[in-house]
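A short write-up of the structure that comes next.
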Amino acid sequence: MEPTTKLTRTLLKNVHDPKLAWNLFKRIFSLPASYNSNSSHSVPIITRILIRAKMFNELDLLHQLLLSSHSPQPNLSSLVRVLAQSGLFDKAFSCFKSLRSRFPESPPSIYLYNVLIKSCAKEGRLDHVSWLYEDIAVAGVTPQTYTFNLLIGLLCDMWRLEDARALFDKMPEKGCKPNEFSFGILVRGYCRAGLTDKGLELLSEMKSSGFSPNRIVYDTLISSFCKLGKTDDAEKLLEKMRGDGLVPDVVTFNARISALCSEGNVLEASRIFRDMQLDQELGLPCPNTITYNLMLEGFCKEGMLDEAKTLVESLKKSGNLMTLQSYNVWLLGLVRNGKLFEAQMVLKEMVDSGIEPSIYLYNIVMDGLCKNEMFVEARTLKEAMISTGISPDAVTYGTLLHGYCSKGKVNEANKVLEEMMRNGCSPNTYVCNILLHSLWKEGKASEAEELLQKMNERGYDMDIVTCNIVINGLCNSGQIDKAIEIVSGMWMHGNGALGNLGNSFIGLVDGSYSGKKCLPDLITYSTIVSALCKAGRLDEAKKKFIEMMGKNLQPDSAVYNSFIHSFCKEGKITSAFRVLKDMEKKGCNKTLQTYNSLILGLGKKGQIFEIYGLMDEMRERGVSPNFSTYNSVLKYICEGGRIKDAPSVLDEMLQVGISPKISSFRILIRAFCQACDFKTAHEVFEIALSMCGQKEALYRLMLDELLVGGEVIEAKKLFESALDRFFDVSKFPYKDLINRLCKHKRLEDARNVLHKLIDKRYRFDPASFMPVIDGFNQRGNKYEADELAERMMEIASKGNVEDKVSHNARGYIHGKEKKDGESDWQTILHRDDGSGIALKALKRVQKGWGQGTASSLQAHKTDFPVC
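Read in order, the letters of the sequence shown correspond to residues 1 to 867 in full-length UniProt numbering.
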């Protein structure tokens, strides 16, 4: 038997011992040519053995060995072919180039070119494809129709449809005629790009060229028309398909249903589905499992759960159509629509029916429960999994851990991590990064470093995400310089630079492979630049920006936005627009954050018309303003004296579905009150109540503005409304209201306010009586004054004295400074100057204590003082 045949068999026997196979191959290859003349048969075998064993150095040695062999060309061709087919494109291309340079006059076969072109297509290496296409011409190799089909398919995948069509048209010039596959590839390319009409034209051209379109071409066009919403065109094409003698099968109808459901046109899809179920006498195919699953997914996607449930019930009745994939779709639909209880019931039903849910299904429901903070149910589900013999995997634990971390429940997350490790399920880097991010977010730096230490000890690959989490955590905790130090170290030591945190990473080895690949990226620099800008260290931020550019990291909109926001915040609008100009020159589009920052800067400069211009530009570019945008616009147009434009902004805000908040109405109410348009201010106040609810903050705001504007009667009505709703009025300016009523000679109204405070069982500062007592005394109504003074003393003696002074008290009462911690009442009790009408009335009451008729002001006993 020939040695070569023995070598081939020996290699096949030693597939699981690659080193022995390699040594045997080298030994036989060193024999004279007469012994291994057919050695090319063994080259593909040894190449695959080395690739499977990842013996890449030996592959390089094999390349050199084949170059020195007696028949290098066929051997090298075999090596190139296997390397390309195995996905080692760079090695394959390098070997091919050496083959071409070694044997320029003896070109390889077109088959080898086809293999390389196909490999290029998978890798997206268009430049290499161009080189190969040119080399085919240089080598004088005749391309095949298959060669052109590969090239046309690649150009279509790269969305270069004009080039694909041009190459298609050149095929006859190159001695190749398009076949039905050539037409089909180009039709598919047009349809994927939404150019279905061009695909239809190509269908006609295909017929005129003598080719009969197959069902796949028709299905592609019909599906594309459905996606574009052109159902009439799809129906016409379906009839044309029948006219060509092709009977639409279930694949055709599934393509239509899939396309319609993807576009949200589920009702049209359900019509076709119903026809398939009922009109089989018309020759329509019966729905298969794929059809049912497509409709089920479509119903769930559109939230049509009643229809989906009906379909599920019909699937169950049919016996064999409710597959595991159907349950996947149904459970995912329930979870996405918030029907978590029903999802848990479906899982239980599956188990009871003897259908074993996969861990994928359990994880779907687990994810929904955790996102809705149903952690008790999530833990119960985990136990149910275990009881059915399914062990939770890294995804299960990771989902539960992520849920806890997202809600700041770090302790619970730590317990999940401990349980995960205790059960032999090693957490991956992704899981550790989730917990690490949460620890930094909660400000638990020491625990974060401890976790990093454990990750290091257990040999976890701390990737760039890990590094960016640490850098972001340091920046948020004010340790920007430490973060910068780590970023600088990463260029030399990779993730080993995290050792700069302290002792956590002393053991890391500099220059390790893991460290080398962990280099700063755009997110790293974006984090640093943003932190420096927020800290007002703009010069340092600029240096980091330049450093980033020097590392060939192109900035994105987020980096530019950091500078723009900082400049706008400082009122340096010219500098902000210079950054904006550079940003647009680099091809970065303005984002919502960009516009919000520019509106801030322009507003500070009072450039209202420019703000309007930005809003128009946002509409033209399809950038939707958010709540912050509208609030800023409201603020600055009101401050700029264009209050008449405010209602239109508020109206637009409502039309786009953004609900104004109290802060929005605060801006408007203050603006209208400052303009003395109290009628409009009150209308805005009523709108605010209807949208935000009966909020204390709104009543307090309106009361403040009415008092500042001198509208004391309206202020009194509003305050009484607040009392009727039993608001906590401790921060309301009720003493200021009483003072102003007295100054406006409306003593009865002031007294009525006191009446209401007592009747509503409020505890308030007795000093509120003083201006009313003064007023009645000045009017000569000593009896009324004495009655009020007696009631004031009675309230004070019972301890119904407010502990804190109203925020309108400025530290002085009747010209005398309060002591720290004293109320207005305490200050009055310590007075000894004897002046003031109210104080004289008080002394009269003290002499005849208990003789007044204060019953009209008698407070009801209460166990719940509000203020």
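Ideal Cβ placement from N, Cα and C applies to all residues, glycine included.
These numbers were taken from a predicted model, which means no experiment stands behind them.
If you compare alpha carbons, which of the options is closest to residue i?
i, options, result
"Thr291", "Ala259, Leu474, Ile117 and Met350", "Ala259"
"Thr574", "Phe672, Tyr699, Ala53 and Gln607", "Gln607"
"Leu112", "Arg102, Asp127, Glu105 and Gln73", "Gln73"
"Val534", "Cys475, Gly140, Leu498 and Met462", "In the sequence as presented, Val is not what sits at residue 534; that position holds Lys. Among Cys475, Gly140, Leu498 and Met462, the Cα nearest to that of Lys534 belongs to Cys475."
"residue 943", "Asp197, Glu570 and Asp582", "For the chain, the structure presents residues 1 to 867; residue 943 sits outside this window and is missing."
"Val141", "Leu50, Gly175, Asn777 and Arg188", "Gly175"
"Asn214", "Val251, Ala576, Ala193 and Gly389", "Val251"
"Glu714", "Leu723, Gly601 and Met702", "Met702"
"Met773", "Lys760, Lys745, Arg763 and Ser224", "Here residue 773 turns out to be Ile, not Met, going by the sequence shown. Cα-wise, what sits closest to Ile773 is Lys745."
"Val656", "Gly622, Glu58, Ala750 and Gly640", "Gly622"
"Thr196", "Lys207, Pro178, Asn179 and Tyr218", "Tyr218"
"Val410", "Leu451, Thr429, Glu342 and Met421", "Leu451"
"Ile643", "Gly536, Leu186 and Phe672", "Phe672"
"residue 893", "Leu747, Val708 and Val753", "No answer is possible for residue 893: it lies beyond the span of the chain, which begins at 1 and ends at 867."
"Cys692", "Pro660, Leu718 and Ile136", "Pro660"
"Arg160", "Glu418, Tyr190 and Asp135", "Tyr190"
"Leu519", "Tyr783, Lys551, Val129 and Glu639", "Lys551"
"Met241", "Ser270, Lys207 and Arg271", "Lys207"
For residue i, count neighbouring C-beta atoms within 10 Å of its own C-beta (all shown protein chains included) and say buried if the count is 16 or more, exposed if not.
i, result
"Lys716", "buried"
"His437", "buried"
"Asn739", "buried"
"Gly811", "Because the pLDDT of Gly811 is 32, which lies under 50, any placement of that residue in the model is unreliable, and the number read from its coordinates should be weighed accordingly. Exposed: under 16 other Cβ atoms inside 10 Å."
"Ser22", "Before going further, note that residue 22 is Trp rather than Ser in the sequence given. Flag for Trp22 reads buried."
"Leu11", "buried"
"Ser504", "With a pLDDT of 43 at Ser504, under the threshold of 50, the modelled position of that residue is not reliable, and the figure given next carries that caveat. Burial call: buried."
"Gly821", "The predicted model places Gly821 with a pLDDT of 43, which falls under 50 and marks its position as unreliable; any figure quoted below should be read in that light. Classification for Gly821: exposed."
"Gln344", "buried"
"Arg9", "exposed"
"Val15", "exposed"
"Tyr513", "Its pLDDT being 40, under 50, Tyr513 is placed unreliably by the model, and nothing is read from it."
"residue 868", "Since the first residue shown for the chain is 1 and the last is 867, residue 868 is missing from the structure and cannot be characterised."
"Ile546", "exposed"
Are the beta-carbon atoms of residue i and residue j separated by less than 8 Å?
i, j, result
"Val329", "Asn363", "no"
"Cys742", "Pro766", "no"
"Asn561", "Ser597", "yes"
"Ile599", "Thr524", "no"
"Gly408", "Ala378", "no"
"Ala697", "Leu668", "no"
"Leu340", "Met374", "yes"
"Leu221", "Val187", "yes"
"Leu76", "Leu83", "no"
"residue 869", "Phe25", "The structure shown has nothing for residue 869, since the chain only spans 1 to 867."
"Ile662", "Tyr636", "no"
"Phe253", "Met276", "yes"
"Ile564", "Thr594", "yes"
"Leu788", "Phe769", "yes"
Where does the unbroken alpha helix (DSSP H) through residue i begin, and where does it stop?
i, result
"Thr388", "Segment: none, Thr388 is in no alpha helix (DSSP H) and carries neither H nor E."
"Val217", "Arg215 to Lys227"
"Tyr762", "From DSSP, Tyr762 is part of no alpha helix (DSSP H); its letter is neither H nor E."
"Arg52", "Val43 to Arg52"
"Gly354", "Neither: Gly354 is in no alpha helix (DSSP H) and is coded neither H nor E."
"Phe727", "Neither: Phe727 is in no alpha helix (DSSP H) and is coded neither H nor E."
"Leu237", "Thr231 to Gly243"
"Pro72", "Pro72 to Gln85"
"Gln144", "Run containing Gln144: none; DSSP gives neither H nor E here."
"His682", "Phe678 to Cys692"
"Phe103", "That residue, Phe103, is in no alpha helix (DSSP H); it is neither H nor E in DSSP."
"Phe56", "Phe56 to Leu67"
"Asn14", "Premise fails: Asn14 is in no alpha helix (DSSP H) and is neither H nor E."
Which whole-angstrom value is the C-beta distance of residue i and residue j, which I expect to be below 8 Å?
i, j, result
"Val312", "Leu331", "Contact doesn't hold; Cβ gap of about 11 Å is too wide."
"Phe183", "Phe148", "Their Cβ separation, rounded to whole angstroms, is 12 Å, which puts Phe183 and Phe148 out of contact at 8 Å."
"Ala121", "Gly153", "7 Å"
"Asp665", "Arg700", "A small correction: the amino acid at residue 665 is Phe; Asp does not occupy that position in the sequence shown. Contact flag wrong, Cβ pair sits at about 12 Å."
"Glu720", "Lys756", "6 Å"
"Tyr397", "Val431", "7 Å"
"Gly473", "Ala497", "That belief does not hold up - the Cβ atoms of Gly473 and Ala497 are roughly 15 Å apart, past 8 Å."
"Thr466", "Asn495", "7 Å"
"Cys425", "Leu400", "12 Å between Cβ atoms; not a contact."
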